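See below for the structure under consideration.
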């Protein structure tokens, strides 16, 4: 009845033509039902295309952020030993298909994009709204396919195109090109070069420096060779002077220097203290006896601090009494211990690396979104790239949010380990006695991925920092240290005990040793800041 009543007004004015009321509606309906199925898909596709184009017209960084953060599936990597040996990391991992990833995995995208340039001191991140997440993600995927943007974080081999694997095989010149975009100096590239003989080394010993820890004291534990002490780094296009302690102390008079990171950061700081010990010993004014330390050089009004932050972000132990158990990482939350204390420092050297291979649980917005090397089958298993990228982004965002911080932030890039003939927990060792030549070893695998992640995040931080006049600099230790498999303690960081099996240390560096060259780099980088 409704259908008949709706047609009455149409037929009533057309009583002069008896056939019109019957034919006209049929013709109109026929035309509509013919045209709509033909043109509706193209209209719908056109509207979606416009939306995708709007999204793809955002900044390049936004697309890169989504691209990098979407491809963190589980792969097995060696888990190098740190201060305390962990349980074996090659535990069975349940691989999840990409199409079955839980919805939580999509949460960080909006949070990362919406807060990456936050400069407020409020350290509470905004709530992520999960519902709009899917639509934005689909459009961004469409935009990335159109743009042909190269993916950074590689997935498990079964879903990685062959050409992506081939892209990992970069020459050393290609690796140096990667860092050119974040290197602020147009002068000589300090980090492109080779190790050359230096018969004058070393410049201190375990007898002249008290700051050497036992597990780095290769001379004390009678390492039989000493040739590893007789090299220096020679840049291709200039000379890098050997560290002059008197000159350094004059240069940093009235300044403060902070190291933020793990035990390799502490390794660097101890090298600096040992080199300066030729002139003066600092006074230990540390308030605690843990890993967080502070020294002052009163005659020069100079102080050095070490802030223990192996993950850079807010971290909790799942077992307070067992450091080998998984850690909870809150990847979008600042580690207030160091972020609240660096505001008055002139120079902050930030670094992190090998702890990201340990078993860990990942949280975003206080929700569990994934894990690394966990036994739970109902948790999304992701790579260490997932946490590494987010940790550096959050750390840099924290620095950019500090209202009173005016210092120079220096990113010291990942220093590769050199386990050979097995992983760290299965007899792997670093027994070489001389450096690689520059073309004998290439940066690849997870070393390359960690390095690229650091450069990506540094570039984002530099862009955000320029808005506040903050400086973020590159300390590119990766390539020089890649060539020094001979510089680790191996088994010469302890007395041997036939009844105890301890993993060889191919992560830290002997003191004295190749890591002393980091302070050659440091002096030159600080000089360039004054020149700028």
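Numbering (this note's numbering), first residue to last: 589 to 1120.
Backbone N, C-alpha and C define an ideal beta-carbon position, used for all residues, glycine too.
Since this is a predicted model, take the numbers as computed values, not measurements.
- Excluding its 5 nearest sequence neighbours in each direction, residue 805 has C-beta neighbours in its own chain below 6 Å: 794, listed in chain order.
- In terms of Cβ geometry, residue 782 and residue 1020 do not form a close pair [threshold 8 Å].
- The C-alpha of residue 818 lies about 44 Å from the C-alpha of residue 907.
- Taking all protein chains shown into account, residue 1050 has 16 or more neighbouring C-beta atoms within 10 Å of its C-beta and is therefore buried.
- In this structure, DSSP gives residue 1068 a helical state, which the three-state scheme calls helix.
- Only residues of its own chain outside the window of five on either side were considered, and among them 1070, 1071, 1072 and 1073 have a CB closer than 8 Å to the CB of residue 1024, listed in chain order.
- If you draw a 10 Å sphere on the C-beta of residue 1084, you find fewer than 16 other C-beta atoms in it, and that means exposed.
- Rounded to whole angstroms, the separation of the alpha carbons of residue 892 and residue 1108 is 17 Å.
- DSSP, read as helix, strand or coil, puts residue 961 in coil.
- 982 is the residue among 811, 1064, 1005 and 982 whose C-alpha sits nearest the C-alpha of residue 1048.
- The Cβ neighbour count for residue 903, taken over all protein chains shown within 10 Å, is at least 16; the residue is labelled buried.
- Under a 10 Å Cβ-count criterion, residue 802 is classified as exposed, with fewer than 16 other Cβ atoms of the shown protein chains found around its own Cβ.
- Short of 6 Å from the beta carbon of residue 824, and not among the five residues preceding or following it, lie these beta carbons of its own chain, in chain order: 780 and 781.
- Annotated three-state conformation of residue 1112 is helix, per DSSP.
- Annotation note: the stretch 904-954 contains the following uninterrupted alpha helix (DSSP H) runs of length 4 or greater, listed N- to C-terminal: 924-927.
- Beta bridge pairing from DSSP links residue 896 with 849.
- One alpha carbon belongs to residue 1097, the other to residue 1089, and they sit about 21 Å apart.
- Among the bridge pairs identified by DSSP, residue 822 is matched with 782.
- When DSSP states are grouped into helix, strand and coil, residue 803 belongs to the helix group.
- Within the same chain, 881 and 882 come within 6 Å of residue 874 by CB-CB distance, once the 5 residues on both sides are set aside.
- Bounds of the beta strand (DSSP E) holding residue 999 are 996-1000.
- The stretch 860-872 and the stretch 936-944 do not touch, with fewer than three beta-carbon pairs separated by less than 8 Å.
- If the five residues before and after residue 954 are omitted, its C-beta is found closer than 8 Å to the C-beta atoms of 918, all from its own chain and listed in chain order.
- Per the coordinates, the alpha-carbon of residue 1036 lies some 42 Å from the alpha-carbon of residue 887.
- Out of 859, 775 and 771, the CA that lies nearest to the CA of residue 798 is found in 859.
- DSSP places residue 1056 outside both helix and strand once states are collapsed to three, so it counts as coil.
- Residue 933 sits close to residue 995, with the two beta carbons spaced by under 8 Å.
- The distance from the Cβ of residue 822 to that of residue 852 is about 23 Å, inconsistent with a contact at the 8 Å cut-off.
- For residue 992, the closest of 1095, 998, 856 and 928 by C-alpha to C-alpha distance is 928.
- Residue 930 and residue 846 have their C-alpha atoms some 7 Å from each other.
- Taking every protein chain shown into account, the CB of residue 997 has 16 or more other CB atoms within 10 angstroms, so this residue is buried.
- The continuous beta strand (DSSP E) containing residue 885 extends over residues 881-885.
- Under the DSSP definition of a beta bridge, residue 1107 lacks any partner.
- For residue 1060, the closest C-alpha among the options 1012, 948, 1042 and 1007 is that of 1042.
- Residue 787 has its alpha-carbon roughly 17 Å from the corresponding atom of residue 1103.
- Of the residues assessed, residue 1030 falls on the buried side of the cut-off, its CB having 16 or more other CB atoms within 10 angstroms.
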